[in-house]
Amino acid sequence: MSKRVARIALLFLLAGSLWAFQRGIRNLFPDSDDETPPADGNEKAEFMWARLRYSNFQGGGGMWARRGAWTVDFPKADRQFLQGVRRLTRLQTRSMEHIVDLISDDIFDYPFVYAVEVGHWNLPDAQARKLREFTDRGGFLMTDDFHGTFEWDIFTTSLNKGFGDRPITDIESEDPIFHVVFDLKDRFQVPGIVNYPFGQTHEYDGLEPKWRAVRDDKGRIVLGICHNMDQGDAWEWADNPRYPEKYASQAYRTGINYIVYAMTH
Amino acid sequence: MFEFLFNYPLTVFQKGTLVFASGWPLWLLGALVLAAAALVAWLFLRKPLPRARALVLGGLQWAAIALLLLMLFQPAVSVSQLKPQQNVVAVLVDTSRSMALEERLGKAVGLLNSGLLEQLKKRFPVRLYSAARDLSRLESLPAMATQPVTNLGDSLQGATGEAATLPIGAIVLLSDGADNAGGLDTNTMAALRRSRIPIHTIGFGREQMDRDLEITDAQIPVRSLPDARLSATVTLRQAGYAGKPVRLMVQDGSKTLATREIRLPDDGQSSREVISFQSGPAGAKALRVSLAVLDGETNDKNNAVTRLVNVEDRKPRILYFEGEPRWEMKFIRRAAELDANLELVSIVRTTQNKFYRQGVTDPKELEHGFPDSIEELFRYQGIIIGNVEAGYFNAQQQSLLKEFADRRGGGVLFLGGRATLSDGGWNHSPAADMLPVLLPDRKGTFHREPAAVELTVAGRDSLVTRVEESPDKNMAKWKSLPMIADYQETGAAKPGALVLAELRPTSGGRFPLLATQNFGRGRVALFATGGSWRWQMGQDSKDMSHEVFWQQLLRWMVSDVSGRVAAVTSRQVYEDDARIVLQAGVRDMNYLPSAEATVEAHILGPGGAAAVVPLRPVTGVPGAYTGEWRAEAPGAYLTEIVAKQGETELGRDVLNFRREDGVAENFRTEQNRELLERIAQQTGGRYYKPEDAGRLPQEIEYSDAGISVKETHGIWNAPAAFLLLAGLKAAEWLLRRKWGAV
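Those sequence lines, one after another, are chains A and B.
The numbering of the first sequence is my numbering, which starts it at 94 and goes up by one.
The numbering of the second sequence is my numbering, which starts it at 0 and goes up by one.
1) Using a Cβ cut-off of 8 angstroms (strictly closer), state whether residue 338 of chain A contacts chain B.
2) Could you work out which residues of chain A lie near residue 347 of chain B, taking near to mean beta carbons separated by less than 7 angstroms?
3) Can you find at least 3 beta carbon pairs, one from the segment 13 to 21 of chain B and one from the segment 345 to 354 of chain B, that sit closer than 8 angstroms?
4) From the DSSP output, read off the bridge partner residues of residue 656 of chain B.
5) Mind checking which residues open and close the alpha helix (DSSP H) that includes residue 682 of chain B?
6) Taking the alpha-carbon positions, what's the residue 456 of chain B to residue 664 of chain B distance?
7) Starting from the beta carbon of residue 206 of chain A, find every residue of chain B whose beta carbon is closer than 8 angstroms, and list them in chain order.
8) Run through chain A and tell me which residues come within less than 8 angstroms of residue 351 of chain B, C-beta to C-beta.
9) Can you name the start and end residues of the beta strand (DSSP E) that residue 315 of chain A belongs to?
10) Who are the Cβ neighbours of residue 344 of chain A in its own chain at under 7 angstroms, not counting the five residues just before and after it?
11) Helix, strand or coil for residue 409 of chain B? Go by DSSP, reduced to three states.
12) So with Cβ pairs under 8 angstroms, would you call residue 202 of chain A a contact of chain B?
13) Does the separation of the CB atoms of residue 65 of chain B and residue 95 of chain B fall below 8 angstroms?
14) Kindly give me the distance between the Cβ atoms of residue 252 of chain A and residue 223 of chain A, rounded to whole angstroms, as I take these residues to be in contact under 8 angstroms.
15) For the segment 486 to 504 of chain B, which residues have a beta carbon sitting closer than 8 angstroms to at least one beta carbon of chain A?
16) Any idea what DSSP makes of residue 361 of chain B, helix, strand or coil?
17) Got a sec? Which residues, its chain only, sit under 6 angstroms from residue 513 of chain B by beta carbon, not counting five neighbours each side?
18) Could you please give the first and the last residue of the uninterrupted beta strand (DSSP E) stretch that includes residue 274 of chain B?
19) Would residue 604 of chain B and residue 632 of chain B qualify as a contact pair, given that the criterion is a beta-carbon distance under 8 angstroms?
20) In chain B, which residues lie less than 7 angstroms from residue 223 of chain A when you measure between Cβ atoms?
21) Within the chosen definition, does the segment 241 to 256 of chain A reach the segment 293 to 302 of chain A through at least 3 CB pairs nearer than 8 angstroms?
22) Output yes or no for whether 8 angstroms exceeds the beta carbon distance between residue 437 of chain B and residue 368 of chain B.
23) Count Cβ pairs between the segment 407 to 419 of chain B and the segment 480 to 487 of chain B that sit closer than 8 angstroms; are there 3 or more?
24) Can you give me the C-alpha to C-alpha distance between residue 309 of chain B and residue 567 of chain B, rounded to a whole angstrom?
25) Compute the distance between the beta-carbons of residue 231 of chain A and residue 535 of chain B, then report whether it is under 8 angstroms.
26) What number of angstroms, rounded off, separates the C-alpha of residue 228 of chain B from the C-alpha of residue 222 of chain B?
27) Closer than 7 angstroms by C-beta to residue 463 of chain B: which residues in its own chain qualify, once you throw out the five before and the five after it? Chain order, please.
28) Determine which residues of the segment 531 to 565 of chain B have a Cβ less than 7 angstroms from any Cβ of chain A, and write them out in chain order.
29) Please classify residue 692 of chain B as buried or exposed, where buried requires at least 16 neighbouring CB atoms within 10 angstroms.
30) Between residue 232 of chain A and chain B, is any beta-carbon pair separated by less than 8 angstroms?
31) Which chain A residues sit within Cβ distance under 8 angstroms of residue 329 of chain B?
32) Which residue marks the beginning of the beta strand (DSSP E) containing residue 517 of chain B, and which one marks its end?
33) Beta-carbon separation of residue 90 of chain B and residue 11 of chain B under 8 angstroms?
34) Take residue 174 of chain B and list the residues in its own chain whose beta-carbon comes closer than 6 angstroms to its own, dropping the five residues that flank it on each side.
35) For residue 316 of chain A and residue 262 of chain A, what's the separation of their Cα atoms in angstroms?
36) What residues from chain A crowd round residue 356 of chain B, counting only those whose CB sits closer than 8 angstroms?
This is the structure:
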């Protein structure tokens, strides 16, 4: 009996700690998502930022699982990043994101697609094959914000349904994707806000940032895989004084390089 | 009948001039005729007759009086007439191989032996000649038609040349008119006309064969890039096989490059067929274009022709300048990367102060952006101007862009975009001259709206827009292409421009999408969208229509771009003609015509034949050089033209030509009546069918060539005049009776 009481007490203690922890972080990074579309949000433009909607891997939980892991940082990260794209490049971009999925064929109208938290995605075979067809036609997918071995395995399980014949390789620092607009030879891990307040830039066992890619027959990157880093949080919280500028700055440069690379290769 | 009515044959009237033997002034005749008219009018209008009847009767009476007055003035025809036995008549018999068909030579000889020659000899001394490659004297009528060539021009000029030593009064040519040595050009015809010797022609052979297929022409570009899509435009005609299917082929040696089934046109009609094929690897090629031989063909040797293509081992470089990152650029680059024979160098303004270069061969290339010197810009063979405003380029660069096409001979392609064409101020730029369309004088011409694309009639035949081999499949493919993402309004196409495809925006309207035109030595195209990438993203990844279209458009831009030396021969295939004319255009280091170059042609021929032929400057045409050489042996010849200025080599060009003997005689084997009639009509002679040739000896007399006298033949007493007079009076009498006006 005493053991059972002790277990229940421990459970309450853990739950309370988690609540307190999250509340503390939220106090540091208050949820300031303004979901009001920008005035020019429907402007027709050369570039449309497309965010991939996918179904979650079973077993995930929490708020993101209910809302869908694909929505993490949405929409503030997208819109704040697009402001930077407009300011720092000559690219004519729409100010608001567009949601695409692998069910309809809409994705083929948006040759650059961003997918977040792909360590939680679960692509049925047909969707994985459509993703492959998307890149075979010339599309580019940038993935972000998934960490550690466990999420990597989930990511590759779905990916391999469409890209099983394509090796995933590390991107060399000399690759054009790190130089097309900004020189990004020396890079560091961009942390999410979950662990950053505790002086930690990694999540789970994802200690090292991994810049990886799947390439096509011509050696062009068609999948830019940002593993063990969180560009999305850096874009989302770039305007927050508590989030260091150096991470936001690298994330902006990275995102811009990936877009311009996708538009030139 | 004519001679009975008018006393003399028609030829007298055709060759003679009207004179009046009375010697009275002509104004007197006019005055008398007018006076007669006044008198008759005065007499008849006073009569109690309805006005119309008075006018008719008066008119008849006046016509009779006028005719009598005319006869009183003694009209006559003054005509030059050859003096009998003092003029020579040259009789030319065509002895080329085509005269052996249908026993044409036998019929010609038979006609001469049946009395024609005798009749001529009664009036004139006759000289016999054989007309084939050139003129040769005959002592007796020929028995065989074995000559491999017919050069009527040289033969006839040879006969007229005899007039320098002989009083040639007329020439009689017995031929099927099949001239296959190209010797009857405008200059030759003018020379024959100047000799003032009438040439009478007698045509032999059917004017249309019963059952025959013939390729009359095949046009193939003489130069090509490796693995390029080329087309042969084949003109053919047929008799006896109307509507039948037949296989058209293009072969390189034993390798079939393309084959296609076509339907034959109606009897006697020509039709034009286009067949496309891949040029293959670099090298000089002799392509055989042929039609399958059908059952019962009279002549199966005219079903194939040979054409030469020089597939050049070069890799043109195209500079693509893009004002901002665009999807169009990515997908154009991808299409070009699949073409091993094109090099696309691109430069895009990524930020306000940064460029991103791709395809450069060294770090210095384009490091300062778009070139502003001839040395740097003219290294490329093509330029693509993407979404960039005219004002980005300084005056020097805008001028160079125009010179690039005009002087360099390069290809320029303008793309549509939100900051280009009218929206980018190009309508006020000097480069507006080079565009194949007019640009509206307003902004807001760029629209991000979907638009369908439709091929025009010209686009259906163009290789640029041929994404499928079969024309029907190609049309269907273009109709099924996804809509493009955006478009730009332009004005109408300029005169001389070719619109290959049009835009049909969903919001309505119709604008040129793809238009091309030649500009100076180069060519310019407009592609009024930045949204063709949807053809790639909107179709299966295995579909190659986007890639093929772009590769062909890029190749079109640069396929004919020459270096500083551009050489041609007057013909590709010299049939039975050894005289080779070489021509070269030479430009200096700045691509201006170079008048002080040393130009040589190094010729390699069959059997190790080799020659160096100097080319001389052409007077009055700066930068043009020409030279002649005789290629005696049949076979393929390779020629390299090298131009130097001092010790500096300006450039070199390679071309090939072919000599063939005895092949041309197999073509156009039916009687070329049109040519024989033209020769006769231009020289004052007449064309005769063999059955009408009996009139020739008499009609030949009327000529002012040789030794002739002017004869005046009165015609006032011709029966026709009396019959007319009687007719007028009889008509008047009958009308008077009918109307009671006697």
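Note that CB positions come from ideal geometry on N, CA and C, so glycine has one too.
Looking at the atomic coordinates:
1) As a first step, residue 338 of chain A is located in the first sequence; it is residue number 245 there, counting from the start. By this cut-off, residue 338 of chain A is not an interface position.
2) Taking the second sequence and counting its residues from 1, one reaches residue 347 of chain B at position 348. The answer, in chain order, is 357.
3) no
4) As a working note, residue 656 of chain B is residue 657 in the second sequence. Its beta-bridge partners are B/636.
5) The count along the second sequence starts at 1 and reaches residue 682 of chain B at position 683. Residues 672 to 682.
6) Position 457 of the second sequence, counting from 1, holds the residue named residue 456 of chain B. Position 665 of the second sequence, counting from 1, holds the residue named residue 664 of chain B. When rounded, the distance between both Cα atoms is 37 angstroms.
7) Looking up residue 206 of chain A in the first sequence gives position 113. Neighbours of residue 206 of chain A on chain B: none; closest Cβ ~12 angstroms, over 8 angstroms.
8) As a first step, residue 351 of chain B must be located in the second sequence, where it is residue number 352. Those within 8 angstroms of residue 351 of chain B in chain A are 183.
9) The residue you call residue 315 of chain A lines up with position 222 of the first sequence. Residue 315 of chain A -> beta strand (DSSP E) spans 314 to 320.
10) What you label residue 344 of chain A is simply residue 251 of the first sequence in a count that begins at 1. These residues qualify, in order along the chain: 283, 324, 327, 328.
11) Taking the first residue of the second sequence as 1, we reach residue 409 of chain B at position 410. Of the three classes helix, strand and coil, the one that applies to residue 409 of chain B here is coil, per DSSP.
12) Working through the first sequence from its first residue, we reach residue 202 of chain A at position 109. Closer than 8 angstroms to the CB of residue 202 of chain A there is at least one CB belonging to chain B.
13) For the purposes of this step, residue 65 of chain B is taken as the residue at position 66 of the second sequence. For the purposes of this step, residue 95 of chain B is taken as the residue at position 96 of the second sequence. No, the Cβ-Cβ distance between residue 65 of chain B and residue 95 of chain B is not below 8 angstroms.
14) The residue given as residue 252 of chain A occupies position 159 in the first sequence. The residue given as residue 223 of chain A occupies position 130 in the first sequence. 13 angstroms between Cβ atoms; not a contact.
15) none
16) Here the question's residue 361 of chain B lines up with position 362 in the second sequence. In this structure, residue 361 of chain B counts as coil in the three-state DSSP scheme.
17) Numbered from its first residue, the second sequence carries residue 513 of chain B at position 514. Counting only Cβ-Cβ distances below 6 angstroms, and skipping sequence neighbours, we find 499, 500, 526.
18) Here residue 274 of chain B is taken as the residue at index 275 of the second sequence, counted from 1. Taken as a continuous stretch (DSSP letters only), the beta strand (DSSP E) holding residue 274 of chain B covers 269 to 277.
19) Translated into the one-based positions of the second sequence, residue 604 of chain B becomes position 605. Translated into the one-based positions of the second sequence, residue 632 of chain B becomes position 633. Yes, the pair counts as a contact, with Cβ atoms nearer than the cut-off.
20) Locating residue 223 of chain A in the first sequence gives position 130, counting from the first residue. Under the 7 angstroms cutoff, chain B gives no residues; its nearest Cβ is about 11 angstroms from residue 223 of chain A.
21) yes
22) Within the second sequence, numbered from 1, the residue matching residue 437 of chain B stands at position 438. Within the second sequence, numbered from 1, the residue matching residue 368 of chain B stands at position 369. Between residue 437 of chain B and residue 368 of chain B, the CB-CB gap reaches or exceeds 8 angstroms.
23) yes
24) Walking along the second sequence from the start, residue 309 of chain B turns up at place 310. Walking along the second sequence from the start, residue 567 of chain B turns up at place 568. Each residue's alpha carbon lies about 12 angstroms from the other.
25) Locating residue 231 of chain A in the first sequence gives position 138, counting from the first residue. Locating residue 535 of chain B in the second sequence gives position 536, counting from the first residue. Contact: yes.
26) For the purposes of this step, residue 228 of chain B is taken as residue 229 along the second sequence, with counting starting at 1. For the purposes of this step, residue 222 of chain B is taken as residue 223 along the second sequence, with counting starting at 1. If I take the Cα positions, the gap works out to 12 angstroms.
27) Locating residue 463 of chain B in the second sequence gives position 464, counting from the first residue. Around residue 463 of chain B: 499, 551, 552, 555.
28) 535, 536, 537, 540
29) Stepping through the second sequence from its first residue, residue 692 of chain B is reached at position 693. Answer is buried; the Cβ neighbour count reaches 16.
30) Numbered from its first residue, the first sequence carries residue 232 of chain A at position 139. At least one chain B Cβ lies under 8 angstroms of residue 232 of chain A.
31) Here residue 329 of chain B corresponds to residue number 330 of the second sequence, with the count starting at 1. Those within 8 angstroms of residue 329 of chain B in chain A are 204, 231, 355, 356, 357, 358.
32) Here residue 517 of chain B refers to the residue found at position 518 when the second sequence is read from its first residue. Here the beta strand (DSSP E) through residue 517 of chain B covers 510 to 518.
33) Position 91 of the second sequence, counted from the start, is the residue given in the question as residue 90 of chain B. Position 12 of the second sequence, counted from the start, is the residue given in the question as residue 11 of chain B. The Cβ-Cβ distance between residue 90 of chain B and residue 11 of chain B does not fall below 8 angstroms.
34) By 1-based counting over the second sequence, the position of residue 174 of chain B is 175. Contacts found: 93.
35) The residue you call residue 316 of chain A lines up with position 223 of the first sequence. The residue you call residue 262 of chain A lines up with position 169 of the first sequence. Distance between the alpha carbons of residue 316 of chain A and residue 262 of chain A: 10 angstroms.
36) On the second sequence, position 357 is the one that residue 356 of chain B refers to. What residue 356 of chain B touches in chain A: nothing, since even the nearest Cβ is about 10 angstroms away.
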